[in-house]
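Each remark here refers to the structure printed beneath this line.
Numbering (our numbering), first residue to last: 137 to 571.
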């Protein structure tokens, strides 16, 4: 039996869980602190500087693997896909004019790939319990970041630190276009908790969800708004599709209506402020003036595609931005022009495996299924947003990738071994999964 969910045929009574050792609890607390620290991601703009989250995560990864966290065999293929991405970057960067940019980018990309491996391995070791640890920490971090964003936007932050850029809330981030998407998964997770709340306990969560929605609105990120709507629709659709009873479906539908009313109420109240209303009207259009015309976003994307085709081996990471003084604002083109066809193949291959196997895993995983739906929905929403923004260095995206793949591999084990018990190595204080 794996802690958090059981296979059919287990000898232990249903609902009985493997005892959690003090070492595992200490390890979970370490992970909780690491994820909680992700609420603060301010650094010098334009430079790849580590924040506290990065330093804690590196220490956490080293500790866990040193104490026995195992690398799941099924993770080989997605890691190979990321290996192709990195290899393409390296080949393209061999002739790059700004070599220091290539080295810095490769360091960040390698670190994020390692973070993905760690989170997937950690979730695989105990899916339900470890997902809960991560999402509880992530939701707390989201509320903290949103609180700073809302307070800073209305000028009531006592720290005196700016939490806005061009009239848009950034919270504890540099960029509103990263701050906004960071809040989506915590919002859906609290929505999940609210939909399952019993009695009056849901009322305690409602204010925090309101803060997250307001923080997301004040980012004035069109991509974040669209990603939230798409992720929310996928979350509701998959949750209904996996519902085990008519009562559960009715409860979710009722909650969805309640959440819709809450969002309308929060948005309506915010728009009563003239400053917010004016900026909302400016941002709530599909195409901005900087998207079109000479030197606009769409023109830059067309030029990036042409350069990628002309340089099939890539020109190296960060070179396009240095040459043309603008970003591609499209992660698919960014990876293609940087690492050529090799990196593009690896990235698209990884996404294809994630989308197909993630959906399949949702219908196979036992406990933890609902949280896997949250992660999977947010991954799809983010990758849709990736058509208009570069997301390849977003820390929370690789966390969501890791959660999704941990769930995928756990579901694969569950469906392939219905009568065999699978358990932790109880001799390790920070227990890993013995593959």
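Idealized CB from N, CA, C, for every residue including glycine.
Own chain residues within Cβ distance below 6 Å of residue i, not counting five before or after
i: residue 174; result: 189, 277
i: residue 569; result: Annotation note: pLDDT 35 at residue 569 (below 50); position unreliable, no value reported.
i: residue 450; result: 224, 228, 474, 475, 476
From the options, residue whose alpha carbon lies closest to that of residue i
i: residue 203; options: 513, 238, 169, 160; result: 160
i: residue 319; options: 289, 357, 303; result: 357
i: residue 231; options: 518, 453, 504, 460; result: 453
i: residue 330; options: 387, 539, 353, 287; result: 387
i: residue 177; options: 314, 267, 471; result: 314
i: residue 342; options: 285, 368, 401, 303; result: 401
i: residue 508; options: 536, 406, 360; result: 536
i: residue 380; options: 197, 242, 506; result: 506
i: residue 200; options: 217, 299, 286, 257; result: 257
i: residue 530; options: 271, 540, 494, 247; result: 247
i: residue 180; options: 442, 383, 310, 355; result: 310
i: residue 220; options: 548, 487, 480, 542; result: 480
i: residue 522; options: 437, 397, 187; result: 437
i: residue 250; options: 394, 369, 543, 218; result: 218
i: residue 412; options: 455, 355, 547; result: 355
i: residue 526; options: 543, 511, 457; result: 457
C-beta atoms of residue i and residue j nearer than 8 Å
i: residue 213; j: residue 489; result: yes
i: residue 348; j: residue 279; result: yes
i: residue 403; j: residue 353; result: yes
i: residue 269; j: residue 167; result: yes
i: residue 307; j: residue 333; result: no
i: residue 359; j: residue 516; result: no
i: residue 439; j: residue 460; result: yes
i: residue 513; j: residue 324; result: yes
i: residue 285; j: residue 266; result: no
i: residue 273; j: residue 350; result: no
i: residue 498; j: residue 374; result: yes
i: residue 540; j: residue 317; result: no
Sequence-distant residues of its chain with Cβ nearer than 7 Å to residue i (five each side left out)
i: residue 528; result: 467, 470, 471
i: residue 550; result: 143, 500, 501, 502
i: residue 303; result: 415
Own chain partners of residue i with C-beta closer than 8 Å, once the 5 adjacent residues on each side are dropped
i: residue 253; result: 207, 211, 215, 538
i: residue 326; result: 275, 341, 344, 345, 348
i: residue 196; result: 166, 167, 170, 254
i: residue 442; result: none
Legend entry - Every unbroken alpha helix (DSSP H) within the stretch 265 to 321, with a cutoff of 4 residues, ordered by chain: 312 to 318
Inset, instruction - Could you tell me whether the stretch 469 to 478 touches the stretch 208 to 226, where touching means 3 or more Cβ pairs closer than 8 Å? - result: yes
Inset, instruction - Counting only runs of 4+ residues fully inside the stretch 323 to 382, write out the alpha helix (DSSP H) ranges in chain order. - result: 337 to 354, 358 to 377
Inset, instruction - Please go through the stretch 222 to 250 and give each complete beta strand (DSSP E) segment of 3 or more residues, from N-terminal end onward. - result: none
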